[in-house]
DNA sequence: AATTAATACCTAAGATTTTTATGCATAAGG
DNA sequence: CCTTATGCATAAAAATCTTAGGTATTAATT
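Protein chains in written order, with our numbering: chain A, 328 to 439; chain B, 328 to 439.
In structure tokens form, the structure reads like this:
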């Protein structure tokens with residue numbers, strides 16, 4: 328609902344970035360955290376999130392730890408070493424991308 | 328080549344934004360302009376561009392004017408009234424998205 | 001003169017990512 | 001008891017992009 332099409336392609340970056348700061352989170356928590364941090368602007372659907380988490384895990388960027396809380400099972404994800412590295416480079420890529428987009432929508436004349 | 332996955336979903340925004348400033352452009356020109364404006368960071372493939380242009384035209388956001396230059400045919404695209412409106416709202420959406428992403432990667436504590 | 005690169009359009013198969021629509025199960029609230 | 005919230009998951013469909021072709025003219029290189 329009301330999800331910007333622009334968000335496409337940025338899901339794994341968001342996941343890695345959250346885990347970089349939070350150390351460990353479970354899926355449902357991620358959807359709620361994103362909703363809260365973006366004031367409802369971004370709503371990650373579970374149909375997108377879980378496959379994305381599984382893929383990141385398969386790539387060796389995340390590792391899993393199961394935990395039972397209130398008799399309900401949670402799958403906590405945290406970055407591996409490789410995931411930490413990737414998280415940093417994805418952040419740089421995001422910043423580069425945003426600069427690039429800014430350059431497109433608001434071209435600065437070359438200095439000099 | 329070397330295209331950020333983040334760019335997915337932003338192609339139509341880019342097209343509309345270029346046409347907003349340029350008044351009229353043809354397809355090949357758009358690929359070159361983007362490459363130039365982004366210093367090679369973004370390379371729009373023709374396989375992505377042409378279907379996107381056709382879709383925007385079908386949606387009534389662009390209109391076409393054929394022109395023969397050097398015995399080669401060019402399809403010039405320009406914004407319709409509706410396309411101009413959409414261009415503005417897409418730009419706002421992009422700016423909102425970038426703020427949102429900034430809020431995600433660098434959460435500011437609430438003031439007060 | 002012949003070949004390659006650049007200009008200029010196009011489409012179709014495949015890959016990737018996301019939405020939509022489900023399903024299951026436990027806990028809490030009305 | 002029934003609905004909402006929590007918590008996981010998958011599968012069909014839609015959307016978007018890459019890759020890999022195709023056609024044709026003009027300019028540059030060999």
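C-beta atoms are modelled at their ideal positions from N, C-alpha and C, and glycine is treated no differently.
query, result
"Residues near residue 417/A by beta carbon distance below 6 Å, same chain, minus five either side", "340 and 343"
"Cutoff 9 Å: residue 357/A Cβ touching any chain B Cβ", "no"
"Start and end residues, beta strand (DSSP E) containing residue 392/A", "389-396"
"Assigned secondary structure, residue 369/B (DSSP; H/G/I helix, E/B strand, else coil)", "coil"
"9 Å Cβ cutoff, residue 354/B in contact with chain A", "no"
"Residue-level contact to chain B via CB, residue 336/A, 9 Å cutoff", "yes"
"Strand pairing of residue 352/B, partner residues [DSSP]", "404/B"
"Cα-Cα separation, residue 370/A to residue 331/A", "9 Å"
"Option nearest residue 350/A by Cα separation, candidates 410/A, 425/A and 426/A", "410/A"
"Within chain B, partners of residue 413/A - CB distance below 7 Å", "Chain B residues near residue 413/A: none, gap ~13 Å exceeds 7 Å."
"Residue 352/B, buried or exposed, once every other Cβ within 10 Å from all chains shown has been counted against 16", "buried"
"Cβ pair count under 8 Å reaching 3, the stretch 360-369 of chain B against the stretch 417-434 of chain A", "yes"
"Cα-Cα separation, residue 347/A to residue 433/A", "31 Å"
"Reduced DSSP category for residue 333/A - H, G, I as helix; E, B as strand; rest coil", "helix"
"Neighbouring residues, chain A, relative to residue 331/B (Cβ below 7 Å)", "420 and 424"
"Short Cβ contact (9 Å threshold) for residue 421/A with residue 404/A", "no"
"CB of residue 393/B within 9 Å of CB of residue 399/B, strictly", "no"
"Short CB-CB distance (under 9 Å) between residue 374/A and chain B", "no"
"Nearest-angstrom Cα separation, counted from residue 395/A out to residue 357/A", "17 Å"
"Proximal residues of chain A, C-beta to C-beta of residue 430/B below 7 Å", "364 and 365"
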